[in-house]
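Engineer: Sharing a structure with you now.
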Amino acid sequence: MKMKLYIAVLFSLLCCSCGNDFLDISPSNSAGDANLINSVSDLRIATEGVYEVLTSSSYYAGEYTFVADLMGDHMMEPSWGSQHLKYFYAYGLTKVSAGTGFYRLIYLGVQDINLIIEKADKLENTPEKKALIAELRTLRALLHFDLVRMYGPMYGNLGKGTIKSDALGIRVAGKAYKDVREVFYRSKVSDVYGFICTELEEAVPLLSVKKRNGYFDYWGGRALQAKVYLYMEKDALALAAAEDVIKNSGCELYSRDEYVASWGKEYGSESLLELPTSLEDNAGYTSLGWICSEAGYKTVVPTRDFLDLAEADPEDVRFKLLRYSSKDKCYYISGKYPGREGNIKINNPKVLRLSEVYLIAAEAALKVNDMKKARDYLGDLRRERTTTEPDKYNTRVTLEDVLYERAVELYGEGSRAWDLWRNRKPVIRWRTPQEKDEKGHTDNLESGVIPFDFFQTIYPINERELELLPLKDRESQQNPGY
Numbered sequence: 200m201k202m203k204l205y206i207a208v209l210f211s212l213l214c215c216s217c218g219n220d221f222l223d224i225s226p227s228n229s230a231g232d233a234n235l236i237n238s239v240s241d242l243r244i245a246t247e248g249v250y251e252v253l254t255s256s257s258y259y260a261g262e263y264t265f266v267a268d269l270m271g272d273h274m275m276e277p278s279w280g281s282q283h284l285k286y287f288y289a290y291g292l293t294k295v296s297a298g299t300g301f302y303r304l305i306y307l308g309v310q311d312i313n314l315i316i317e318k319a320d321k322l323e324n325t326p327e328k329k330a331l332i333a334e335l336r337t338l339r340a341l342l343h344f345d346l347v348r349m350y351g352p353m354y355g356n357l358g359k360g361t362i363k364s365d366a367l368g369i370r371v372a373g374k375a376y377k378d379v380r381e382v383f384y385r386s387k388v389s390d391v392y393g394f395i396c397t398e399l400e401e402a403v404p405l406l407s408v409k410k411r412n413g414y415f416d417y418w419g420g421r422a423l424q425a426k427v428y429l430y431m432e433k434d435a436l437a438l439a440a441a442e443d444v445i446k447n448s449g450c451e452l453y454s455r456d457e458y459v460a461s462w463g464k465e466y467g468s469e470s471l472l473e474l475p476t477s478l479e480d481n482a483g484y485t486s487l488g489w490i491c492s493e494a495g496y497k498t499v500v501p502t503r504d505f506l507d508l509a510e511a512d513p514e515d516v517r518f519k520l521l522r523y524s525s526k527d528k529c530y531y532i533s534g535k536y537p538g539r540e541g542n543i544k545i546n547n548p549k550v551l552r553l554s555e556v557y558l559i560a561a562e563a564a565l566k567v568n569d570m571k572k573a574r575d576y577l578g579d580l581r582r583e584r585t586t587t588e589p590d591k592y593n594t595r596v597t598l599e600d601v602l603y604e605r606a607v608e609l610y611g612e613g614s615r616a617w618d619l620w621r622n623r624k625p626v627i628r629w630r631t632p633q634e635k636d637e638k639g640h641t642d643n644l645e646s647g648v649i650p651f652d653f654f655q656t657i658y659p660i661n662e663r664e665l666e667l668l669p670l671k672d673r674e675s676q677q678n679p680g681y
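Counting in this note's numbering, the sequence shown runs from 200 upward without gaps.
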């Protein structure tokens, strides 16, 4: 019922925003301001509806979740898979073939948010209204963060290697655009992250500290802050935000005995932002479970390098999410997205969870030279995951240790390549053509060593989008190398 009401509200907003001027509204022949968001209840319904963007098959409920893993060294698309995500794995995108669907999805979501905020301006500034506007701004920050990671270099890499200090990212969209014919230019990566930081710093303190399954609350907002700060190399701030969540949220790490089963359940003890799915509302044939399952599209499988890690520690419960197919003679990661109610299409995207916050805390502590905290946080996680050297980090922790634990814990959640590149480390798949063949890689790369400043770590802007710009600006608005 809430979704139907949201659609009605948003449809009115969008209808009133068409034409030459997106906000040229005639009250006599349209819904008009007076019939759109007239109460905090309307605002709440509209805010909850924005989450539908996040559960799109192109986003967290499907393809986006696998992007950074497919670009890394631990996941690939096999020759017998669906091939619909191979362009991420194979580095096959060009300015002609680059899709626009995800880019447009994000900006439509941001436009929805901006219109809702604008229409809610007339409401009395009550605490509930402030909290809802804060939630919308937190969502807006997340959408910008997820898109800039695809279309711009990592913040910490600006000015390093071949990456320019003023490299472009995406367009900052902090307010509703007025005219569909308006020409938009991309903002600098530094400005995009500045916008994200401001959004979160101003919004998160206003979020509810009460747990809200399926929606952003204060703890999910703080977890997102910790992640953004880590990407920006603001490590002291990342550590502080992560510790706030660890110490005060009431969330608890899954035990080793709970871990595997947790992936088939909703809203467990680690959940900080988990998005709902159901039999009636899921991403269907491009859902998480369908993408990674033998019973589905068989789109993604672990590489030889990841299987080597699994063989080296058979007691690590995280590797027990792998499922062997005697038919295809390979492993699938379908244990991470097993479905519910006997349906592999029903998997709640676990966007932010406590395990990642522990990993953020450990990495940030290491980088501010607080070795005790780095050892404690990484050790706490490891002890809940394996009986092989559970106290391995009692005396020493390195960045390689953190990256290993991130690779194993966050496998299939969209992190690996970005983790390496933001730390200015290469993705290493293969070093010789023989090794490439032995490992079964089928990418389009001339070299299997992919440095952080390789131009194809960043996606191209589709040339059709650039054709909207004056001819003199098109080359400068494209990413280098394309």
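Just so you know, even glycine gets a beta-carbon here, dropped at the ideal spot from N, CA and C.
1. Please report the residue range of the beta strand (DSSP E) in which Cys529 lies.
2. Taking just the CA atoms, how far does Lys638 sit from Lys624?
3. Ignoring anything shorter than 3 residues, give me the beta strand (DSSP E) runs that lie fully in the region 320-372, in order along the chain.
4. If you count every other CB in all the chains shown that lies within 10 Å of the CB of Arg380, and 16 or more means buried, which is it?
5. Any contact between the region 549-558 and the region 417-435? By contact I mean 3 or more CB pairs, one from each, below 8 Å.
6. Using 8 Å for Cβ pairs, my map puts Ala606 next to His273. What's the rounded Cβ distance?
7. In this structure, what does DSSP give as the bridge partners for Ile649?
8. Let me know if Leu478 comes out buried or exposed under the rule of 16 or more other beta-carbons within 10 Å of its beta-carbon.
9. Is the beta carbon of Gln704 less than 8 Å from the beta carbon of Leu292?
10. Consult DSSP for Met275 and reduce its assignment to one of helix, strand or coil.
11. Tell me Pro501's beta-bridge partners as DSSP assigns them.
12. Just verifying my parser: in three-state terms, what is the DSSP assignment at Ser675?
13. Considering only their Cβ atoms, is the gap separating Ile532 from Leu520 smaller than 8 Å?
14. Could you tell me the alpha carbon to alpha carbon distance between Ser470 and Asp507, rounded to whole angstroms?
15. Which class does Glu599 belong to by DSSP, given the choice of helix, strand or coil?
16. Could you tell me how far apart the beta carbons of Gly463 and Arg385 are, in whole angstroms, since I believe they sit closer than 8 Å?
17. Determine the burial state of Asp672: buried for a count of at least 16 other Cβ atoms within 10 Å of its Cβ, exposed for fewer.
18. According to the neighbour-count rule (16 or more other Cβ atoms, all chains shown, within 10 Å of its Cβ), is Ser454 buried or exposed?
19. Below 8 Å CB to CB, which residues in the same chain sit around Asp515 once its five sequence neighbours on both sides are set aside?
20. Under the three-state reduction of DSSP, which class applies to Glu473: helix, strand or coil?
21. Which parts of the region 246-300 are runs of the alpha helix (DSSP H), unbroken and 4 residues or longer, counting only runs that do not cross its ends?
22. Between the alpha carbons of Glu276 and Lys374, how many angstroms are there, rounded?
23. Write down the C-beta distance between Tyr592 and Gly578 rounded to the nearest angstrom, noting that I regard them as a contact closer than 8 Å.
24. With DSSP as the reference, label Ala230 as helix, strand or coil.
25. Under the assumption that Leu742 contacts Ala437 (Cβ atoms under 8 Å), give the Cβ distance between them as a whole number of angstroms.
26. Using the Cβ count rule (16 or more neighbours within 10 Å means buried), how would you classify Asp480?
27. Report the rounded CA-to-CA distance for Ala435 versus Ser492, giving the unit in angstroms.
Structural biologist: Answer, in terms of the structure:
1. Translated into the one-based positions of the sequence shown, residue 529 becomes position 330. For Cys529, the enclosing beta strand (DSSP E) stretches over residues 529-531.
2. Sequence index remark: in the sequence shown, residue 624 carries index 425 (1-based). Sequence index remark: in the sequence shown, residue 638 carries index 439 (1-based). Cα-Cα distance, rounded: 21 Å.
3. Here no run is fully enclosed.
4. The count along the sequence shown starts at 1 and reaches residue 380 at position 181. Under this definition Arg380 is an exposed residue.
5. With three or more CB-CB distances shorter than 8 Å, the region 549-558 counts as touching the region 417-435.
6. By one-based count along the sequence shown, residue 606 stands at place 407. By one-based count along the sequence shown, residue 273 stands at place 74. Between the beta-carbon of Ala606 and that of His273 there is about 6 Å, and that keeps the pair under the 8 Å contact cut.
7. Residue 649 sits at position 450 when you count from the first residue of the sequence shown. According to DSSP, Ile649 bridges with Val626.
8. Here residue 478 is taken as the residue at index 279 of the sequence shown, counted from 1. It counts as exposed.
9. As displayed, the chain neither begins before 200 nor continues past 681, which places residue 704 out of reach and without an answer.
10. In the sequence shown, residue 275 corresponds to position 76, counting from 1. Three-state result, Met275: strand.
11. Start at 1 with the first residue of the sequence shown, and residue 501 comes out as number 302. Per DSSP, Met274.
12. Within the sequence shown, residue 675 is the residue found at index 476, counting from 1. Residue state, collapsed to three classes: helix.
13. In the sequence shown, the residue the question calls residue 520 occupies position 321. In the sequence shown, the residue the question calls residue 532 occupies position 333. With contacts defined by Cβ atoms closer than 8 Å, Leu520 and Ile532 form a contacting pair.
14. Locating residue 470 in the sequence shown gives position 271, where the first residue counts as 1. Locating residue 507 in the sequence shown gives position 308, where the first residue counts as 1. Between Ser470 and Asp507, the alpha-carbon positions lie close to 29 Å from each other.
15. Working through the sequence shown from its first residue, we reach residue 599 at position 400. Of the three classes helix, strand and coil, the one that applies to Glu599 here is helix, per DSSP.
16. Numbered from 1 along the sequence shown, position 264 holds the residue referred to as residue 463. Numbered from 1 along the sequence shown, position 186 holds the residue referred to as residue 385. That belief does not hold up - the Cβ atoms of Gly463 and Arg385 are roughly 41 Å apart, past 8 Å.
17. Counting from one through the sequence shown, the residue named residue 672 turns up at place 473. Only exposed fits Asp672, as fewer than 16 other CB atoms lie within 10 angstroms of its CB.
18. Counted from its first residue, the sequence shown places residue 454 at position 255. By the C-beta density criterion, Ser454 is exposed, having fewer than 16 other C-beta atoms within 10 angstroms.
19. The residue labelled residue 515 in the question sits at position 316 within the sequence shown. Result list for Asp515: Ala509, Arg584, Thr585, Thr587, Val607, in chain order.
20. Residue numbering aside, residue 473 sits at position 274 when the sequence shown is read from its first letter. Glu473: strand per DSSP, three-state reduction.
21. Taking only runs of at least 4 residues, the alpha helix (DSSP H) segments lying wholly in the region 246-300 are 266-269, 285-289.
22. Residue mapping note: residue 276 aligns to position 77 of the sequence shown, counting from 1. Residue mapping note: residue 374 aligns to position 175 of the sequence shown, counting from 1. Using only the alpha carbons, I get a separation of about 39 Å.
23. In the sequence shown, counting from the first residue as 1, residue 592 sits at position 393. In the sequence shown, counting from the first residue as 1, residue 578 sits at position 379. Rounded, the Cβ-Cβ distance is 4 Å, consistent with contact.
24. As a first step, residue 230 is located in the sequence shown; it is residue number 31 there, counting from the start. With a pLDDT of 28 at Ala230, under the threshold of 50, the modelled position of this residue cannot be trusted; read the value that follows with caution. The three-state secondary structure of Ala230, taken from DSSP, is coil.
25. Residue 742 lies beyond the residue range present for the chain, which begins at 200 and ends at 681; the question has no answer from this structure.
26. For the purposes of this step, residue 480 is taken as residue 281 along the sequence shown, with counting starting at 1. Asp480 should be labelled exposed.
27. The residue labelled residue 435 in the question sits at position 236 within the sequence shown. The residue labelled residue 492 in the question sits at position 293 within the sequence shown. C-alpha of Ala435 to C-alpha of Ser492: approximately 40 Å in a straight line.
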